[in-house]
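This report refers to the structure that appears directly beneath it.
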Amino acid sequence: MGGSLAKPVLLILAMYAFLKFVVPNLPGSAPLPSSLIFLYLMLTTTGIVVFKTLSRESKDAFFAPILNFLTGENIGAMSAARYGFLILFPLLVGWQTYGSTATSDAPPAENRTIHPAPPGEYTGLSNPVSKTPENIMQGKGFYAAFCSPCHGGKFDGKGPAARGFNPPPANFSDPTTIAMLQESYLFWRIKKGGVGLPIEGMPWKSAMPRWEVELPDEWIWKIIMGEYDGAHQSPRTWE
Amino acid sequence: MMQRPGIIERLIRFITESPAAVAAFVATLGVLAAPVVGLAADSGGASAVAYRDVPGIGSRNLVWIVAQLHLLLAGFVLGVPIFAWLCEIVGWKSGEKRYDKLAKEFTKLLSSAYSTTALFGGILLFILIGAYPKLMAYLSDIFFPSFMVYCALFLLETATLYMYWYGWDAMSEGRSKVFHLVLGFLLNVFAFFIMIIPNSWATFQASPVVIAEGSDMARAWAATWNPTWWPVNIHRLIANVVLGGYICGAYAGIRYLSARTPEEREHYDWMGYVGNFIGVFGLLPLPFAGYWLMREIYQYNQQMGITLMGGFLSWLFILQAMLIGVLFIGSNYYFWMGITHRIPGSELRYRKPILAMLIILLLCLGVWMTPHSLVASLEEARKMGGTHHPLLGVFGVMSAKMTVSNLMILVTFMSFIMYWRAGKEDTATWAKLANAVMGAVLIIAGIVVVVLGVWGYFVPAIVRINYFSTSQVLLVIFVMVTITPLTALLLKSAKTTTEMVWGKMPPRAGYSLVLNAIMVILLMTLMGYARSSSRVHWHVYGVMRDSSQYAFSPALGYAAALMAANTFMFCLIVAFIFWVATMGDKAKHTHGGNEKSGEGHGALPAMAGGSQTLDKQI
Chain A
0 MGGSLAKPVL LILAMYAFLK FVVPNLPGSA PLPSSLIFLY LMLTTTGIVV
50 FKTLSRESKD AFFAPILNFL TGENIGAMSA ARYGFLILFP LLVGWQTYGS
100 TATSDAPPAE NRTIHPAPPG EYTGLSNPVS KTPENIMQGK GFYAAFCSPC
150 HGGKFDGKGP AARGFNPPPA NFSDPTTIAM LQESYLFWRI KKGGVGLPIE
200 GMPWKSAMPR WEVELPDEWI WKIIMGEYDG AHQSPRTWE
Chain B
0 MMQRPGIIER LIRFITESPA AVAAFVATLG VLAAPVVGLA ADSGGASAVA
50 YRDVPGIGSR NLVWIVAQLH LLLAGFVLGV PIFAWLCEIV GWKSGEKRYD
100 KLAKEFTKLL SSAYSTTALF GGILLFILIG AYPKLMAYLS DIFFPSFMVY
150 CALFLLETAT LYMYWYGWDA MSEGRSKVFH LVLGFLLNVF AFFIMIIPNS
200 WATFQASPVV IAEGSDMARA WAATWNPTWW PVNIHRLIAN VVLGGYICGA
250 YAGIRYLSAR TPEEREHYDW MGYVGNFIGV FGLLPLPFAG YWLMREIYQY
300 NQQMGITLMG GFLSWLFILQ AMLIGVLFIG SNYYFWMGIT HRIPGSELRY
350 RKPILAMLII LLLCLGVWMT PHSLVASLEE ARKMGGTHHP LLGVFGVMSA
400 KMTVSNLMIL VTFMSFIMYW RAGKEDTATW AKLANAVMGA VLIIAGIVVV
450 VLGVWGYFVP AIVRINYFST SQVLLVIFVM VTITPLTALL LKSAKTTTEM
500 VWGKMPPRAG YSLVLNAIMV ILLMTLMGYA RSSSRVHWHV YGVMRDSSQY
550 AFSPALGYAA ALMAANTFMF CLIVAFIFWV ATMGDKAKHT HGGNEKSGEG
600 HGALPAMAGG SQTLDKQI
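In order, the protein sequences belong to chains A and B. So for the first sequence, numbering that gives the first Met the number 0 puts the first residue at 0; every next one is plus one. So for the second sequence, numbering that gives the first Met the number 0 puts the first residue at 0; every next one is plus one.
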């Protein structure tokens, strides 16, 4: 294999090893899904092809070993590898095709909508409860009683019951969850729970109770204030 | 021996050579049809039919296809006059005929596409009246005054284009040239208003403002000035320039690939460069305009905002990131290839900076393409603790996306600056200081953009949106307005060390121009679908419900297939139009041999780093 090709191949392998074995072991990390690894490897490959084909010399140097392997004469022992490749490549494509189309007992990939749009009647609502320290404290109290078993006393989604759920309860201290949403969105999700999710939210995968059965609206608004305050986040506003 | 052209060929030639006549015919049809629309509105309850279906394909799909093709053609037709006119001004002011020739070639493509655009507009109108009579009656009731204005503008635009195109040679010198430039200006003014009036109809459907009282004019005006009208106007205006630039680039790319003489290769290489430059020029502010539009939509209605950015349409934005990513890579690739092929011996000198820019670009793309909710199997999701990755999940929100899009814009801008400076040596005494200032501005701006992006996670959303994101945009603009004039001043006294050679680009440069154009078309079909689908089951959001059999959002795969089909059909139409438009050139070459224009095909545009010495030689 020519030197020009060895470096890119090594780079792709190194990138794969980094994504597969290094990133998951970083503090607070987890294994990456194959879709993301594929995406990053495609970007790496694109970068290599772009850089190697900028000039005629680098392009020729990059493709020469490939062309030589596939079409060159007098390649000695590589000849067997060429025939092996010509047999294995269609088999690989066939295997991939079979694997992606054959029926399987594995559950399908998850692509549920995490934040479905709320019904129109909830979109214009604003919190009617005044933001006083007393109300916030009261909201935190309600939160501790009704929400913390799942969402955690530290608002991090790690309550004692959290491990029983998949997907896990939302982590409010993560700046990519409630900080992205308006208070009215939380009001809708708390009030209507998982069963109130619209069709576009399917597959419904939320164990969130329908709290309107148990809690008055005022308590829900106070809980929302307590959540934001406790998680050190602010709701999305336009003013 | 030449045969007499057949009736079809003569018809095609008539349409090509008299686009304005055909457009005027369609415009007249539109004017005549307007009262029909008005009558439909007057009929009110008399018309019991709310919908009519089209067998086989379905009325919604037919409207989707025809509207998309019309919009793409319109985008091209409204975008091209802007830079054709600017090219003409550059040619007039600098006295370099090649700019005038280029402007004329752009306008030739424009005039060919104009009549087809009008034809598709007419077809769309008839299909809408037939398939959605109730909706059209409602819209006519509100917008009838603007229908009239639109028809009048269309006639003015047609007449202006007629004079602009056919009067090009007759008005090429002296005061008549000034008049010709005024015509070009008017063409753009009419085109702008022709764009924003239909925008008001479409944006009204998404963000309606309905007033119960007042005159017809007052109701029409209130409906027109709806919350998303101006954001869409600005976004579409810039997008049209991008579309026009890249399509002209693709045209040049194809002509370059099929060129038979060195002169042709030089000319189309240069034209491809200009097309790519125009596309990139428009591409740089486009994300800002898009961000503003989405902000307005979100603020207008939380439901619509979440449907687009967090709901079922959010996957479209991942596709959008991929398409824009290919576009950024394609545009930069073309710049970089220009450096390595047009400036002999420069490859080694610029290899490292190019590699650095490529790595930054890829890292940014990696962040931009990372979704908030990942596609994962049940097993993978369990290992991650949900579909959010605990570490990389932070890349999935706007703070990260906005940061990397700003960095990508900076990288692309610097690619252009590098291209501009390639083959030159600074001679100014203050060059060192200027380079240090430019380097410092660039590095500091890049760091501040990243810092603001990270900080954005720790402040309320409104602070991030109103202050941090805006500051990031302003910083990038500051870099551009600082580095561009400084570079221009430096290059004024710079010594040319290596002359730029045109016509030496490899075939893949032509293919990358075509790829860029396809990416832009796909992007416009994708975002057209997103904008339209965000209304979900409403014809007019919150006002008039869609009660047809098609009152559902198609699955994303189905929509993607239709977008791809629309892109393919548009490419076919454009290829046909360009083929017809260049028929005359081929005939001229056949009859008169290869005409040498003598207008300096090989001359170098100032913005391309061309030397004045070579310009003079040519």
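The beta-carbon is built from N, C-alpha and C at its ideal position, and this holds for glycine as well.
Sheet register partners of residue i (DSSP bridge)
i: Val539 of chain B; result: B:Met543
i: Lys494 of chain B; result: B:Glu424
Cβ separation of residue i and residue j, assumed to be a contact under 8 Å, to the nearest whole Å
i: His234 of chain B; j: Leu326 of chain B; result: Actually they do not touch by this definition, with Cβ atoms about 16 Å apart.
i: Thr159 of chain B; j: Leu180 of chain B; result: About 12 Å; that fails the 8 Å criterion.
i: Trp335 of chain B; j: Ile323 of chain B; result: At roughly 18 Å, the Cβ-Cβ gap does not stay under 8 Å, so Trp335 of chain B and Ile323 of chain B are not in contact.
i: Pro32 of chain A; j: Pro23 of chain A; result: At roughly 11 Å, the Cβ-Cβ gap does not stay under 8 Å, so Pro32 of chain A and Pro23 of chain A are not in contact.
i: Gly74 of chain B; j: Leu242 of chain B; result: 5 Å
i: Arg51 of chain B; j: Gly121 of chain B; result: Not a contact, Cβ separation roughly 18 Å.
i: Phe142 of chain B; j: Trp229 of chain B; result: Actually they do not touch by this definition, with Cβ atoms about 17 Å apart.
i: Cys247 of chain B; j: Gly289 of chain B; result: Contact flag wrong, Cβ pair sits at about 22 Å.
i: Gln181 of chain A; j: Gln302 of chain B; result: 11 Å between Cβ atoms; not a contact.
i: Phe153 of chain B; j: Ile193 of chain B; result: 6 Å
Span separating the alpha-carbon of residue i from that of residue j
i: Pro127 of chain A; j: Ile196 of chain B; result: 40 Å
i: Lys494 of chain B; j: Leu488 of chain B; result: 13 Å
i: Leu123 of chain B; j: Val449 of chain B; result: 46 Å
i: Leu185 of chain A; j: Val472 of chain B; result: 31 Å
i: Glu263 of chain B; j: Pro505 of chain B; result: 14 Å
i: Asn239 of chain B; j: Leu186 of chain B; result: 15 Å
i: Pro117 of chain A; j: Val440 of chain B; result: 44 Å
i: Thr339 of chain B; j: Gly502 of chain B; result: 13 Å
i: Ser110 of chain B; j: Trp164 of chain B; result: 7 Å
i: Thr306 of chain B; j: Ser147 of chain A; result: 29 Å
i: Gly140 of chain A; j: Glu217 of chain A; result: 14 Å
i: Ala13 of chain A; j: Ser532 of chain B; result: 42 Å
i: Val36 of chain B; j: Tyr131 of chain B; result: With a pLDDT of 47 at Val36 of chain B, under the threshold of 50, the modelled position of that residue is not reliable, and the figure given next carries that caveat. Cα to Cα, the separation comes out at about 12 Å.
i: Ser470 of chain B; j: Ile443 of chain B; result: 13 Å
i: Tyr137 of chain B; j: Met518 of chain B; result: 36 Å
i: Pro34 of chain B; j: Cys150 of chain B; result: Reliability of the predicted coordinates at Pro34 of chain B is poor, the pLDDT of 47 falling under 50, and the value obtained from them is presented with this limitation in mind. Those two C-alpha atoms are separated by around 12 Å.
i: Phe280 of chain B; j: Phe82 of chain B; result: 11 Å
i: Lys96 of chain B; j: Thr411 of chain B; result: 29 Å
i: Trp269 of chain B; j: Asn565 of chain B; result: 30 Å
i: Glu212 of chain B; j: Leu35 of chain A; result: 55 Å
i: Gly310 of chain B; j: Phe203 of chain B; result: 22 Å
i: Met222 of chain A; j: Ala143 of chain A; result: This sequence places Ile at residue 222 of chain A; Met is not what is there. The straight-line gap from Cα to Cα measures roughly 9 Å.
i: Asn593 of chain B; j: Ser93 of chain B; result: For Asn593 of chain B, the predicted model reports a pLDDT of 45, less than 50, meaning its position is unreliable and no value from the coordinates is stated.
i: Leu357 of chain B; j: Val21 of chain A; result: 23 Å
i: Ser183 of chain A; j: Trp237 of chain A; result: 13 Å
i: Val480 of chain B; j: Trp419 of chain B; result: 15 Å
i: Ala217 of chain B; j: His536 of chain B; result: 28 Å
i: Ala178 of chain A; j: Ala355 of chain B; result: 35 Å
i: Gly119 of chain A; j: Asn465 of chain B; result: 25 Å
Limits of the alpha helix (DSSP H) - the one that residue i falls within
i: Arg209 of chain A; result: Looking at the DSSP string, Arg209 of chain A is not in any alpha helix (DSSP H), and its letter there is neither H nor E.
i: Ser93 of chain B; result: Ser58 to Ser93
i: Asn165 of chain A; result: Element bounds for Asn165 of chain A: n/a, residue is neither H nor E.
i: Arg507 of chain B; result: Pro506 to Ser532
i: Cys570 of chain B; result: Leu555 to Ala580
i: His150 of chain A; result: Ser147 to His150
i: Phe429 of chain B; result: In the sequence under discussion, the amino acid at residue 429 of chain B is Trp, which differs from the Phe named in the question. That residue, Trp429 of chain B, is in no alpha helix (DSSP H); it is neither H nor E in DSSP.
i: Pro89 of chain A; result: Met77 to Thr100
i: Thr131 of chain A; result: Note, Thr131 of chain A: premise wrong, no alpha helix (DSSP H); not H, not E.
i: Thr223 of chain B; result: Asp215 to Thr223
Q.
Report the start-end ranges of each beta strand (DSSP E) in the segment 432-479 of chain B that is 3 residues or longer and not cut off at the edges.
A. none
Q. Going along the segment 363-379 of chain B in order, which residues come within less than 9 Å of chain E, judged by CB to CB distance?
A. Within the model displayed, chain E is absent; protein chains A and B are what it includes.
(Q) Could you tell me which whole alpha helix (DSSP H) segments of length 4 or greater appear in the segment 325-409 of chain B? (A) 346-368 and 377-383
(Q) What ranges does the beta strand (DSSP E) occupy inside the segment 247-326 of chain B, keeping only unbroken runs of at least 3 residues that lie completely in it? (A) none
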